[in-house]
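K.L.:
The structure follows.
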Amino acid sequence: MYDVIIIGAGPAGLTSALYLLRANKKVLVLEAKSYGGQILNAHKIENYPAIMEISGYDFATNLYNQVKRLGCEIIYETVIKIKDDKTVITKENEYKAKAIIIATGASNRKLNIDFEEHFIGKGLSYCASCDGNFYKNKIVAVIGGGSSALEDALYLANIAHKVYLIHRRDEFRGDIKYLEELKKCDNVEFILNSNIVSLNGDDFLKSITIKDNLEKIMEIKVDGVFVAIGQTPNNEIFKNVVDLDDNGYIIAHDDVCTKTNNIYVAGDARVKDLRQLTTAIADGSLSATKAIKEIKKNL
Ligand code: NAP
Numbered sequence: 274m275y276d277v278i279i280i281g282a283g284p285a286g287l288t289s290a291l292y293l294l295r296a297n298k299k300v301l302v303l304e305a306k307s308y309g310g311q312i313l314n315a316h317k318i319e320n321y322p323a324i325m326e327i328s329g330y331d332f333a334t335n336l337y338n339q340v341k342r343l344g345c346e347i348i349y350e351t352v353i354k355i356k357d358d359k360t361v362i363t364k365e366n367e368y369k370a371k372a373i374i375i376a377t378g379a380s381n382r383k384l385n386i387d388f389e390e391h392f393i394g395k396g397l398s399y400c401a402s403c404d405g406n407f408y409k410n411k412i413v414a415v416i417g418g419g420s421s422a423l424e425d426a427l428y429l430a431n432i433a434h435k436v437y438l439i440h441r442r443d444e445f446r447g448d449i450k451y452l453e454e455l456k457k458c459d460n461v462e463f464i465l466n467s468n469i470v471s472l473n474g475d476d477f478l479k480s481i482t483i484k485d486n487l488e489k490i491m492e493i494k495v496d497g498v499f500v501a502i503g504q505t506p507n508n509e510i511f512k513n514v515v516d517l518d519d520n521g522y523i524i525a526h527d528d529v530c531t532k533t534n535n536i537y538v539a540g541d542a543r544v545k546d547l548r549q550l551t552t553a554i555a556d557g558s559l560s561a562t563k564a565i566k567e568i569k570k571n572l
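Under the numbering used here, the letters of the sequence shown match residues 274 to 572, in that order.
As structure tokens, then:
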């Protein structure tokens with residue numbers, strides 16, 4: 274029996290672990306892939322208070338090392354269900370705890386067009402910092418208009434020969450600072466009011482077809498496409514113990530409490546106004562603190 278099981282080893286989950294371990298709680302973190310979550314995709318973090326600049330990889334690794342040093346147990350297994358307020362089921366095992374913290378974040382949103390799965394790793398990527406180096410002096414397109422897309426386009430402008438930034442509107446929701454920097458890059462071309470409608474090629478991606486608001490179709494030769502159109506949560510499997518909103522995010526009260534006592538939610542997985550590193554960290558510390566109080570109450 275653990276004190277707390279945390280599902281997800283991103284910034285929210287690992288911060289929960291940090292606070293719980295420092296309170297001498299017995300903690301298990303269950304993670305399906307690797308530690309770090311979405312922040313691993315951030316090339317450069319410049320808006321975390323008191324840290325001038327750090328890569329997402331370094332941030333995640335520092336946090337991981339910090340909890341490992343405190344003896345954090347991390348098991349790499351995929352959770353398939355929370356059976357009840359004390360039991361978590363993975364593909365392989367069943368684990369029990371006095372409290373559970375869901376910190377599963379969100380996954381990259383897909384384009385939902387034909388052959389998307391086929392071209393993953395063959396010209397299509399959701400992570401510029403992971404795959405950008407394969408496109409040295411090549412032609413790439415970035416899809417999206419948020420900070421991720423702008424940041425990816427900037428990153429790729431330093432590697433690729435040419436970068437098309439394709440966005441479905443003529444206004445960007447991403448950080449203006451990135452946009453201003455992008456406008457100064459000679460090798461970046463903005464294609465606005467346009468949607469990607471097909472991915473073309475055989476084994477490898479060779480071109481994309483886009484359609485603008487006036488229904489005009491254009492084919493663009495590209496070696497790679499980077500999709501940065503936001504995230505969607507992974508909460509369907511928790512529906513028996515938490516309420517979800519229309520977009521699939523977990524509805525929380527008092528920031529991190531779900532409808533089930535002893536089950537908390539931290540980070541991007543919950544309904545919130547701002548999904549950023551700072552707010553994920555805040556949720557991590559708060560969910561841990563609430564779990565500690567609840568465990569004490571039930572002693
Ligand atoms: P986001 O802010 O949700 O932006 C997603 C973008 O993709 C929007 O421009 C949206 O267009 C577009 N989009 C969504 N679905 C689409 C579709 N099916 N086809 C074409 N375009 C589509 O997501 P994000 O950029 O990943 O950012 C997520 C959060 O992380 C934000 O809070 C952001 O500020 C933060 N972030 C911070 C940093 C940093 O501080 N360094 C870096 C990256 C991200 P519309 O605008 O038309 O809706």
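Backbone N, C-alpha and C fix where the C-beta goes; we use that ideal spot for every residue, glycine too.
Should residue 440 go down as buried or exposed, given a rule of 16 or more other Cβ atoms within 10 Å for buried?
P.N.:
It counts as buried.
K.L.:
By Cβ distance below 7 angstroms, which residues in the same chain neighbour residue 436 in space, the five residues on each side in sequence not counted?
P.N.:
The residues are 413, 415, 426, 429, 430, 460 and 461.
K.L.:
CB residue 286 to CB residue 539, shorter than 8 angstroms?
P.N.:
In this structure, residue 539 lies closer than 8 angstroms to residue 286 by Cβ.
K.L.:
Tell me the DSSP secondary structure of residue 382 in three-state form.
P.N.:
Three-state result, residue 382: coil.
K.L.:
Could you check what DSSP says for residue 505 in three-state terms: helix, strand or coil?
P.N.:
The answer is strand: DSSP assigns residue 505 an E or B state.
K.L.:
Cβ of residue 327 within 8 angstroms of Cβ of residue 550?
P.N.:
Not a contact, by the Cβ cut-off of 8 angstroms.
K.L.:
Within the present structure, is the beta-carbon of residue 348 separated from the nearest heavy atom of ligand 1 by less than 7 angstroms?
P.N.:
It does not: the Cβ of residue 348 is nowhere closer than 7 angstroms to a heavy atom of ligand 1.
K.L.:
Could you please give the first and the last residue of the uninterrupted beta strand (DSSP E) stretch that includes residue 414?
P.N.:
Residues 412-416.
K.L.:
For the beta strand (DSSP E) containing residue 473, name the first residue and the last one.
P.N.:
Residues 467-474.
K.L.:
Find out if the Cβ-Cβ distance for the pair residue 511, residue 375 is shorter than 8 angstroms.
P.N.:
Going by C-beta atoms, residue 511 is nearer than 8 angstroms to residue 375.
K.L.:
Suppose the cutoff is 8 angstroms on Cβ atoms and the five residues either side in sequence are ignored; what does the same chain contact list for residue 518 look like?
P.N.:
Hits under 8 angstroms: 524 and 544.
K.L.:
Tell me whether the beta-carbon of residue 277 lies closer than 8 angstroms to the beta-carbon of residue 371.
P.N.:
Yes, these two residues count as a Cβ contact at 8 angstroms.
K.L.:
What ranges does the alpha helix (DSSP H) occupy inside the stretch 335-416, keeping only unbroken runs of at least 4 residues that lie completely in it?
P.N.:
With a minimum length of 4 residues, the continuous alpha helix (DSSP H) runs that stay inside the stretch 335-416 are 389-392 and 401-404.
K.L.:
If you draw a straight line from the alpha carbon of residue 418 to that of residue 464, how long is it in whole angstroms?
P.N.:
Computed Cα separation, rounded: 11 angstroms.
K.L.:
Going by C-alpha distance, which of 294, 351 and 310 is nearest residue 331?
P.N.:
Measuring from the Cα of residue 331, the nearest candidate turns out to be 310.
K.L.:
Might you give, ordered along the chain, the residues of its own chain that have their beta carbon closer than 7 angstroms to the beta carbon of residue 317, omitting 5 neighbours on each side?
P.N.:
Within the same chain, residue 317 has close Cβ partners 326 and 328.
K.L.:
Is residue 547 near ligand 1, with its Cβ less than 7 angstroms from a heavy atom?
P.N.:
Checking the Cβ of residue 547 against ligand 1 gives yes.
K.L.:
Between which two residues does the beta strand (DSSP E) harbouring residue 537 extend?
P.N.:
That run of the beta strand (DSSP E) goes 536-538.
K.L.:
Give me the DSSP bridge partner(s) of residue 491.
P.N.:
Paired residue(s): 483.
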